[in-house]
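Residue numbers (my numbering): 37 to 104.
If you want it as structure tokens, here you go:
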């Protein structure tokens, strides 16, 4: 997914996503596409706010979940 797909207001992003989808797209497919775009925007906001983990931190956390 390119950066251009996530440029603009949320409404513009949704509008552009709808235009890219085929006419045969179902409401479920449209909803899924918008949910993915929203999740990416939340991830970008988290990264901009410094709420990220290093690769090593992720490895340590995941090891604690599996007991390894």
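Idealized CB from N, CA, C, for every residue including glycine.
- In this model, residue 79 and residue 98 are separated by some 19 Å (Cα to Cα).
- With a beta-carbon spacing of about 7 Å, residue 77 and residue 42 fall inside the 8 Å limit used to define contacts.
- Under the three-state reduction of DSSP, residue 90 is assigned to coil, being neither helix nor strand.
- Judged by DSSP in its simplified three-state form, residue 103 adopts coil rather than helix or strand.
- Restricting attention to beta strand (DSSP E) runs no shorter than 3 residues, the region 52-79 encloses none.
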